[in-house]
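Visitor:
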């Protein structure tokens, strides 16, 4: 048989064809420009397509002009035209134009940064005493380190740090910020501690069967109650210790400090309540389900501002005589109840996403309802809804600005009151401080929304494989 | 059954006991709060009751759209009138805000999906900036920074010569003054809208039965506009227009817009409307984008392979399916917008929270009744929205064959 190899070919290619660069319209800057800008306005093959392409081109130019003008106006206001320093200490006159009696050219429009710098302390801390600011800074620093530690996935002891952030840190923050030394009697606390210990011992004994068979069934529950007593009063005890810190009334707090305190307390405190409400709404017990649903829908149906009004006006009426909350605590209670309802709906979404097999598997293992929830369902559900929780937090963070309406000077409230300062009055006074506050809010919210998107992608990846 | 420990493990007994305990706790809590309240009220010398609603109120309310929409007189109007005006103002700004936010939000949402980088980039920046800055701050920005820099009350920026202008006291527009017979024009207008919808349904039915198309949109629009105009002229033009009058000559104190001419839209209203519209539109844009992205790409491709053009594909294939995803979160944004209109209290726009739970409450001091009445308004609106959403979800649910 004639070998195929012997056959004479005209041409045999010995090497690979050269790899040609992609067409100019597909790669590099030209390709990007073509696909993202010019392709949509390049089709003139028919009248309809021509009209579409042309209107697209006109729209692009208009938007480019309008958007560019806005962005340039912002940059011009904040940087190019802005006044950065006030070396002579002439305050408002540093930001006055010639017509107003200052030195700047007529028609000048730029940020008055010396004003914002002068008000910096007030915007961040309110009327908090200047020599005690290290307490706020320390609290913030510890919080930031703890948060970053929990968020970075490569660090060790993340779980322990997270637990400390949720338990010890709030206590520390409370003592540092208010000064601790609450007027609670130690004798009182001591008695409650002894009672707590007694209940725990009773629970232990009951569990071992020393107190009869009926009692032994409730051993765990009694022990748990005892621990709640013990921990609650231990916290009260620590808060009552005199650390030698000067007490600072919450009326002196303000600015970013209040914004962060309200938002973080609101979200952390609303988590446990939200979990209970979400479980209640999915419960098989009609009464629990009905009550949870009514609670959730009530708080979700009214605006936060009415909640704050209610907290500041009606809460004092509800309390027995002699019990008096300060203004901030009232707002905190309102914010907490309000965000608990939203949190409950987020968590309910997570609970609904859990496969039915997980419940059945847990039941088949003989786990009780609370064991099922604690060990199987909630860890999965809460992980699924981290993006939702972060989004709720962003919403709450922005909504804390509303406390300024009930007379608490949060970041926006502080900004609003700096505008009333006549020694800095100028035509750009309001705009300068608004731009600064908007920037602060934007940085916080934008960073959190990116984190939420990152978690969402990560979770959907881990779910799909 | 006899041993108590078996009762403890009985699920029904457990849940019954738990629920009874829950009800007891609730009753006790309500009793505790109620008795505290009664004690506190008695200590302040107050009683419960709604008698205050018929008292005459003692404060002035800025008329939102001039005196054109509502009557209110200090000395003769009651607190019930204040309540009603608050509700009207809340829903006025909320409904106009919903219209504006929907239009802008859909535009921005579709722009965010554009292949054109300029358009996409603009919409992205818009959405990211607007939704990451608190609404209250945006409200302050519009009210204290932008609207305060308008010309003072002796000057104006003319929008349409002799018909519309704006200065620091507000936006001045022509006001319609209904004369005898204007009601008939209104009724005719509504009637024509119903006819237009009926034509639309008929055209749809005919197309699905016979394949013949009918330009229902143009026919409907024509009937509404031409028909209404016809009735308007037949009735002898029963709507007069009052135009704003601006004087820039004469005694200095008499210059500016003249009171009683045209419709004066107060700056608070403009600021609230702008802030609500722009803020909510950013959220709606995200909802619209997510809704369109949720439609499988195969739908677009199938439509293209049938030879349907991109615009028509969007209108007939993508949007109807995307609406199923979009409508529920969109409704909750409408609800949010309505609730957020309460922020207007910060710049004293006369809506429910501001005049009823604010000024009126300070005068009357009936905290429980007044805050309760205010909450009922918002709760009713929420429940109505929820009911609508359930109805809609049931209606558009995928019919699986």
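Protein chains in written order, with my numbering: chain A, 14 to 478; chain B, 12 to 412.
Ideal Cβ placement from N, Cα and C applies to all residues, glycine included.
(1) To the nearest angstrom, report how far apart residue 274 of chain A and residue 256 of chain B are at their CA atoms.
(2) Please report the residue range of the alpha helix (DSSP H) in which residue 251 of chain B lies.
(3) Find the residues of chain A that neighbour residue 139 of chain B, judging by a C-beta separation of less than 9 Å, and give them in chain order.
(4) Residues of chain A with a CB under 9 Å from the CB of residue 30 of chain B: which are they?
(5) Less than 7 Å between CB atoms is the rule here; does residue 48 of chain B satisfy it with respect to chain A?
(6) Do we get a CB-CB distance below 7 Å when we pair residue 14 of chain A with the residues of chain B?
(7) Over what stretch of residues does the beta strand (DSSP E) that includes residue 168 of chain B continue unbroken?
(8) Which value, in whole angstroms, describes the spacing of the CA atoms of residue 57 of chain B and residue 150 of chain B?
(9) Just how far apart, CA to CA, sit residue 268 of chain B and residue 303 of chain A?
(10) Please classify residue 45 of chain A as buried or exposed, where buried requires at least 16 neighbouring CB atoms within 10 angstroms.
(11) Please name the residues in the region 394-411 of chain A whose beta-carbon is closer than 7 Å to at least one beta-carbon of chain B, in chain order.
(12) At least one CB of chain B closer than 7 Å to the CB of residue 97 of chain A: is that the case?
(13) Is it buried or exposed for residue 29 of chain A, if we count other Cβ within 10 angstroms and need 16 for buried?
(14) Starting from residue 178 of chain B, follow the beta strand (DSSP E) in both directions and report where the run begins and ends.
(15) Mind checking if residue 466 of chain A is an interface residue toward chain B, Cβ cutoff 7 Å exclusive?
(16) Rounded to whole angstroms, what is the Cα-Cα separation between residue 284 of chain A and residue 430 of chain A?
(17) So, is the C-beta of residue 99 of chain B closer than 7 Å to a C-beta in chain A?
(18) Please identify, using Cβ separations under 9 Å, the residues of the region 252-277 of chain B that lie next to chain A, in order along the chain.
(19) By Cβ distance below 7 Å, which residues in the same chain neighbour residue 368 of chain B in space, the five residues on each side in sequence not counted?
(20) Rounded to the nearest angstrom, what separates residue 374 of chain A and residue 364 of chain A at their Cα positions?
(21) Put residue 96 of chain A into one of helix, strand or coil per three-state DSSP.
(22) Can you find the residues in the same chain that come closer than 6 Å, C-beta to C-beta, to residue 106 of chain A, ignoring five residues on each side of it along the sequence?
(23) Mind listing the chain A neighbours of residue 133 of chain B? Cutoff is C-beta to C-beta under 7 Å, in chain order.
(24) Do residue 209 of chain A and residue 236 of chain A count as a contact pair if the criterion is CB distance below 7 Å?
(25) Could you check whether the Cβ of residue 326 of chain A sits closer than 7 Å to any Cβ belonging to chain B?
(26) Roughly how many whole angstroms lie between the Cα atoms of residue 311 of chain B and residue 211 of chain B?
(27) For residue 323 of chain A, return the contacting residues in chain B, with the cut-off set at a CB-CB distance below 7 Å.
(28) Please compile the residues from chain B whose C-beta is within a distance smaller than 8 Å of the C-beta of residue 450 of chain A.
(29) Around the Cβ of residue 413 of chain A, are there at least 16 other Cβ atoms within 10 angstroms (buried) or fewer (exposed)?
(30) Roughly how many angstroms separate the alpha carbons of residue 332 of chain B and residue 306 of chain B, rounded to a whole number?
(31) Does the separation of the CB atoms of residue 318 of chain A and residue 353 of chain B fall below 7 Å?
(32) I need the straight-line Cα distance from residue 195 of chain A to residue 253 of chain A, nearest angstrom please.
(33) Can you tell me where the beta strand (DSSP E) holding residue 372 of chain A begins and where it ends?
(34) Which of helix, strand or coil does DSSP assign to residue 275 of chain B?
(35) Select from B/239, B/343 and B/41 the residue whose C-alpha is nearest the C-alpha of residue 332 of chain A.
(36) Where does residue 170 of chain A fall in DSSP's three states?
Guide: So, to answer that:
(1) Mapped onto the first chain, residue 274 of chain A falls at position 261. Mapped onto the second chain, residue 256 of chain B falls at position 245. So the alpha carbons of these two residues sit roughly 52 Å apart.
(2) Along the second chain, read from residue 1 onward, the residue named residue 251 of chain B stands at position 240. DSSP places residue 251 of chain B outside any alpha helix (DSSP H); the residue lies instead in the beta strand (DSSP E), whose first and last residues are 250-253.
(3) In the second chain, residue 139 of chain B corresponds to position 128, counting from 1. Residues of chain A whose Cβ lies closer than 9 Å to the Cβ of residue 139 of chain B are, in chain order, 455, 459 and 462.
(4) Counting from one through the second chain, the residue named residue 30 of chain B turns up at place 19. By Cβ distance, chain A contributes 298, 299, 300 and 301.
(5) Along the second chain, one-based indexing puts residue 48 of chain B at 37. Yes, because at least one Cβ of chain A sits closer than 7 Å to the Cβ of residue 48 of chain B.
(6) On the first chain, residue 14 of chain A is found 1 positions in, with the first residue counted as 1. A caution first: residue 14 of chain A carries a pLDDT of 49, below 50, which makes its placement in the model unreliable, though a value can still be read off. Judged by the 7 Å Cβ criterion, residue 14 of chain A is not in contact with chain B.
(7) Residue numbering aside, residue 168 of chain B sits at position 157 when the second chain is read from its first letter. 168-171 is the span of the beta strand (DSSP E), which, as asked, contains residue 168 of chain B.
(8) As a working note, residue 57 of chain B is residue 46 in the second chain. As a working note, residue 150 of chain B is residue 139 in the second chain. The C-alpha of residue 57 of chain B lies about 37 Å from the C-alpha of residue 150 of chain B.
(9) Indexing the second chain from 1 puts residue 268 of chain B at position 257. Indexing the first chain from 1 puts residue 303 of chain A at position 290. If you take the alpha carbons of residue 268 of chain B and residue 303 of chain A, they lie about 57 Å apart.
(10) By one-based count along the first chain, residue 45 of chain A stands at place 32. Of the other Cβ atoms in all chains shown, fewer than 16 fall within 10 Å of the Cβ of residue 45 of chain A; this residue is therefore exposed.
(11) Within the region 394-411 of chain A, the qualifying residues are 411.
(12) Position 84 of the first chain, counted from the first residue, corresponds to residue 97 of chain A. In terms of beta-carbon proximity, residue 97 of chain A stays away from the interface with chain B, with every pair separated by 7 Å or more.
(13) To locate residue 29 of chain A, count along the first chain from 1; it is residue 16. Exposed, by the Cβ-count rule.
(14) The residue labelled residue 178 of chain B in the question sits at position 167 within the second chain. Counting along the chain, the unbroken beta strand (DSSP E) around residue 178 of chain B starts and ends at 175-178.
(15) On the first chain, position 453 is the one that residue 466 of chain A refers to. No, residue 466 of chain A lies away from the interface with chain B (no Cβ there is under 7 Å from its Cβ).
(16) Numbered from its first residue, the first chain carries residue 284 of chain A at position 271. Numbered from its first residue, the first chain carries residue 430 of chain A at position 417. Cα to Cα, residue 284 of chain A sits roughly 33 Å from residue 430 of chain A.
(17) Start at 1 with the first residue of the second chain, and residue 99 of chain B comes out as number 88. So, not an interface residue.
(18) Answer set for the region 252-277 of chain B: empty.
(19) Here residue 368 of chain B refers to the residue found at position 357 when the second chain is read from its first residue. So the qualifying residues of the chain are 381, 382 and 385.
(20) Residue mapping note: residue 374 of chain A aligns to position 361 of the first chain, counting from 1. Residue mapping note: residue 364 of chain A aligns to position 351 of the first chain, counting from 1. Counting only the Cα atoms, residue 364 of chain A lies some 15 Å from residue 374 of chain A.
(21) Position 83 of the first chain, counted from the start, is the residue given in the question as residue 96 of chain A. Correct three-state label for residue 96 of chain A: strand.
(22) Numbered from 1 along the first chain, position 93 holds the residue referred to as residue 106 of chain A. Closer than 6 Å at the Cβ level, and outside the excluded window around residue 106 of chain A, lie 115.
(23) In the second chain, counting from the first residue as 1, residue 133 of chain B sits at position 122. By Cβ distance, chain A contributes 76 and 80.
(24) For the purposes of this step, residue 236 of chain A is identified with residue 223 of the first chain, where counting begins at 1. For the purposes of this step, residue 209 of chain A is identified with residue 196 of the first chain, where counting begins at 1. No.
(25) Sequence index remark: in the first chain, residue 326 of chain A carries index 313 (1-based). Chain B, which has a Cβ nearer than 7 Å to the Cβ of residue 326 of chain A, makes this yes.
(26) The sequence position of residue 311 of chain B within the second chain is 300, counting from 1. The sequence position of residue 211 of chain B within the second chain is 200, counting from 1. The straight-line gap from Cα to Cα measures roughly 26 Å.
(27) Looking up residue 323 of chain A in the first chain gives position 310. Going along chain B in sequence order, the residues near residue 323 of chain A (Cβ under 7 Å) are 382.
(28) For this step, residue 450 of chain A is matched to residue 437 along the first chain. Ordered by position in chain B, the residues that pass the 8 Å Cβ test against residue 450 of chain A are 148.
(29) Position 400 of the first chain, counted from the first residue, corresponds to residue 413 of chain A. That one is buried.
(30) In the second chain, counting from the first residue as 1, residue 332 of chain B sits at position 321. In the second chain, counting from the first residue as 1, residue 306 of chain B sits at position 295. Going from the Cα of residue 332 of chain B to the Cα of residue 306 of chain B covers about 7 Å.
(31) Residue numbering aside, residue 318 of chain A sits at position 305 when the first chain is read from its first letter. Residue numbering aside, residue 353 of chain B sits at position 342 when the second chain is read from its first letter. The Cβ-Cβ distance between residue 318 of chain A and residue 353 of chain B falls below 7 Å.
(32) Residue 195 of chain A sits at position 182 when you count from the first residue of the first chain. Residue 253 of chain A sits at position 240 when you count from the first residue of the first chain. C-alpha separation (whole angstroms): 5 Å.
(33) As a position in the first chain, residue 372 of chain A is number 359, starting the count at 1. Taken as a continuous stretch (DSSP letters only), residue 372 of chain A belongs to no beta strand (DSSP E), being part of the alpha helix (DSSP H) at 369-377.
(34) Against the second chain, residue 275 of chain B aligns to sequence position 264. Judged by DSSP in its simplified three-state form, residue 275 of chain B adopts strand.
(35) As a position in the first chain, residue 332 of chain A is number 319, starting the count at 1. Comparing Cα positions, the closest option is B/41.
(36) What you label residue 170 of chain A is simply residue 157 of the first chain in a count that begins at 1. It is coil, neither helix nor strand.
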